[in-house]
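Some notes on the structure that comes next.
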Amino acid sequence: MSEDNPRDSARPAEPVVRAIVTVFAVALIGGSIAWSTDLFRPFGLLIYTEQYLAGMLAIALPLVYLHVPAGKGRAREGPVPWYDAAAAVIGFAAAVYTSIRFPDLVERMVEQPLDALAVGAILILLITEGVRRTVGNMLTVVVVVFLVFALIGHLVPGMLAGRQVAPAELVLYLGWDPTAVLGIPMRIVTTIVIAFVFFGQVLFKSGGSAFFTDISMVLMGRYRGGPAKISIFASSLFGSISGSVVSNVVTTGVITIPLMRRGGYRAHHAGAIEAVASTGGQLMPPIMGAAAFLMAEFLQIGYTEVVLAAIIPSVLYYVALFIQADLEAAKSGIKRVPAEQIPRAWPVIKSGWFFPLPFVVLIVALFNLNYSPEESALWAAATVIVFGVGIGYKGKRLTPRDVFEAIKETGTTVLDIVMIGGAAGIVIGVLNISGLGFGLTLFLVHIAGGSLIALLVVGAGVCILLGMGMPTVGVYVLLATLVAPALIEVGIDSIAAHMFIMYFGMMSMITPPVCIGAFAVATLTGADPMKTGFAAMRFGWLAFVIPFMFVGSTTLLMRGDSLTIILDLATALVGAWLVSVTMIGYFVRPLSILARLVLAAAGLVLLVPVDLFQFAGVANSIGIVFAAGFVLIELMARRSSQPA
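Start counting the sequence shown at 64; every next residue gets the next number (the working numbering).
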């Protein structure tokens, strides 16, 4: 051993650390599966939910400090510093102690036992630092601000004033109460979310993403702007499962972005289309990046209601994106994908015919068998494994090692989500113990001046601001806690309120200056991230408009009589088409500024549900007349410009 370089002494320990990380990553997924399938009961282990959650923290905290460095980068390179090793050991011990002693100590909280105080403080500190390492500074700042507020909130004047909370009371509440760290967000994350991330991992390992891309090329490659349409189709399919915009961009974008660039799309346009398509996957039923299950849990409603509510908005979202990609191709003279690059349909279908089956299993388990979401996801994952091992895609079968790697990678991939669950518990706990939740609702309503439109605009801005730089689950949980109650308080339908925050939270992924979706695609296109972000906002314009519409009338959320729903969907589709034409400035020929303004007005009118206000039906009729007149004029102009 060299004394000149003390790091040499640490290098032999690196394989040991990697082995420990692997064991803990597998244990994290194993624990989730065991709880979801009730495997503890046959072994006589009847434990509280909070004991299970503390046990999962006992696995996740060491993983974070051993796997994720304190500085830049998501994966550790080199030896583990002593302070990270110490944090891993202390976090493990504190969480195990919580799990073992929970039934006894939770009954003695009034006495403020010293050991409960010490363990609670350790967990709060380690979770906060874990959030910083895995998610970034944005959510960490939010957590710290809430912790500080809990201690000084009674000094804040006005509606945001909270009740006085002693430090010991705060620590005990956050660390031990079932409505704080060991509460609903952590339970959802360690069961439902982990199950769906695992499903996505085994689907990816078995060649599912390649199949989705291949089938998208078969279906869309022969049309103008084919590369962009392939991106939209593939990203919508895979994005709903992946639960991450960045993951979706990296998975499908490595194939679709080069296709778009070779086809003639400008770099920032190619990146924008991929970013918007990947973001939309989080809004696409039936999975919605696991947000659908979180929403059902928060609202205490059936999962079916959430899925039905998400159908029309997501259809309109992708229709608008598809139309713009098509018109951009027509405007720029972009043709279809070269025939030699398009795979033949039959070999693709023959090789990957089984990939739709896991989704059939998932839907049947959820809707017909009434299984829990996590059980349904595990059955879907098991279906993928069976067919992946037995058949495989394009001659490559899933091996036991692939399954093991999927489990391991799921364990390290969900670390940020587990830390988000802990952070959300801290925020919810502060809202409850300080009374800030009620004050925040009053404050948002007050600054909007009693105006519903003003409240929605303020709420949309807050959603975009708070959502910046965070993954889907974190965005939704934070906004459902902070913003949705204010919208519901003023009388907005609860599903509409939660869908509203979901949409604007997701728009933070493509809205500068943070726009992590745009930054992710910029690494693949080489384009300027800000330019890509602004282009993505244009391509994703509908997501900034449609939430205001379904808040005003829930027919766009499939709530109401069938005839009205069908009528609103039809007019909204025409409206989405007109505004999309306006955004590109091209139909069968370039459009003048005046024509674009008229079309935009007609399109926005058509997006308005017929029961939103008294004369909405008349406005819709006027919009239809303008749309028909526009099409007629443009077709006549094209015919007259063609040579005899």
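Note that CB positions come from ideal geometry on N, CA and C, so glycine has one too.
Note that this is a predicted model, so its numbers are computed, not measured.
(message) Quick check on the DSSP output: what are the complete alpha helix (DSSP H) runs of length 4 or more inside the region 172 to 226, in order along the chain?
(response) 177 to 197 and 200 to 215
(request) Inspect the beta-carbon positions of Leu669 and Gly680 and report whether they are closer than 7 Å. (result) no
(message) What ranges does the alpha helix (DSSP H) occupy inside the region 287 to 339, keeping only unbroken runs of at least 4 residues that lie completely in it?
(response) 289 to 305 and 308 to 326
(request) Check Pro575 in the structure and name its three-state DSSP category. (result) coil
(message) Assuming the contact rule is C-beta atoms closer than 8 Å, Ile579 and Val308 should be a hit. Round their C-beta distance to whole Å, please.
(response) 7 Å
(request) Would you mind sorting Lys398 into buried or exposed? The rule is 16 or more other CB atoms within 10 Å of its CB. (result) exposed
(message) Rounded to the nearest angstrom, what separates Arg171 and Ala179 at their Cα positions?
(response) 9 Å
(message) Classify Gln175: buried if its beta carbon has 16 or more other beta carbons within 10 angstroms, exposed otherwise.
(response) exposed
(message) Just verifying my parser: in three-state terms, what is the DSSP assignment at Pro421?
(response) helix
(request) Out of Thr535, Ala633, Met562 and Met533, state which residue places its alpha-carbon closest to the alpha-carbon of Ala547. (result) Met562
(request) Check Arg702 in the structure and name its three-state DSSP category. (result) helix
(message) With DSSP as the reference, identify every bridge partner of Tyr456, one or two as the case may be.
(response) Lys459
(message) Can you look up Ala690 in the DSSP assignment and give me helix, strand or coil?
(response) helix
(message) Can you find the residues in the same chain that come closer than 7 Å, C-beta to C-beta, to Glu66, ignoring five residues on each side of it along the sequence?
(response) A caution first: Glu66 carries a pLDDT of 40, below 50, which makes its placement in the model unreliable, though a value can still be read off. Nothing listed; no residue qualifies.
(message) With three or more beta-carbon pairs closer than 8 Å as the criterion, would you say the region 345 to 365 touches the region 322 to 335?
(response) no
(message) Excluding the 5 residues flanking Arg81 on each side, which residues of the same chain have their C-beta closer than 8 Å to its C-beta?
(response) none
(message) Measuring only the C-alpha atoms, how far is His130 from Met482?
(response) 14 Å
(message) Quick check on Ala653: does DSSP put it in helix, strand or coil?
(response) First, the residue type needs correcting, since residue 653 is Pro and not Ala in the sequence shown. Strand.
(request) Tell whether a beta-carbon distance below 7 Å holds between Thr595 and His217. (result) no
(message) In chain order, what are the residue ranges of uninterrupted alpha helix (DSSP H) at least 4 long that sit wholly in the region 118 to 162?
(response) none
(request) Quick one: residues in its chain with C-beta nearer than 7 Å to the C-beta of Pro672, no 5 flanking neighbours on either side, listed in chain order? (result) Met612, Gly615, Ser616, Thr618, Leu619, Asp631 and Ala679
(request) Rounded to whole angstroms, what's the CA-CA distance from Ala691 to Ser272? Just pull it up for me. (result) 40 Å
(message) Please state the DSSP three-state secondary structure of Gly623.
(response) coil
(message) Let me confirm a value: Glu113 is counted as buried when at least 16 other C-beta atoms fall within 10 Å, else exposed. Which label applies?
(response) buried
(message) I need the straight-line Cα distance from Pro166 to Ile247, nearest angstrom please.
(response) 18 Å
(request) Find the nearest neighbour of Ile647 within the set Ser414, Pro349 and Leu660, judged by alpha-carbon distance. (result) Leu660
(message) Once DSSP output is grouped into helix, strand and coil, what is the label at Pro592?
(response) helix
(request) Given a cut-off of 7 Å, decide if Ala388 and Ala598 are closer than it, judged by their beta-carbon atoms. (result) no
(request) Go through the region 228 to 271 residue by residue and report every complete run of the alpha helix (DSSP H) that reaches 4 residues or more, in order. (result) 230 to 239, 247 to 251 and 257 to 268
(message) Let me make sure I understand the geometry here. Which of Leu515, Thr367, Leu550 and Asn495 has the alpha-carbon closest to that of Val228?
(response) Asn495
(message) Is it buried or exposed, Ile96, if we count other Cβ atoms within 10 angstroms and call 16 or more buried?
(response) buried
(request) Taking all protein chains shown into account, decide if Glu403 is buried (16 or more other Cβ within 10 angstroms of its Cβ) or exposed. (result) exposed
(message) Tell me the rounded alpha-carbon separation between Lys471 and Gly94.
(response) 13 Å
(request) For Thr32, I'd like the list of residues in its chain whose CB is within less than 6 Å of its CB, leaving aside the five on either flank, ordered along the chain. (result) Residue 32 cannot be examined here, being either before or after the span of the chain that is shown, 64 to 707.
(request) Give me the Cβ distance between Met249 and Gly484, rounded to the nearest whole Å; I'm assuming they're in contact under 8 Å. (result) 4 Å
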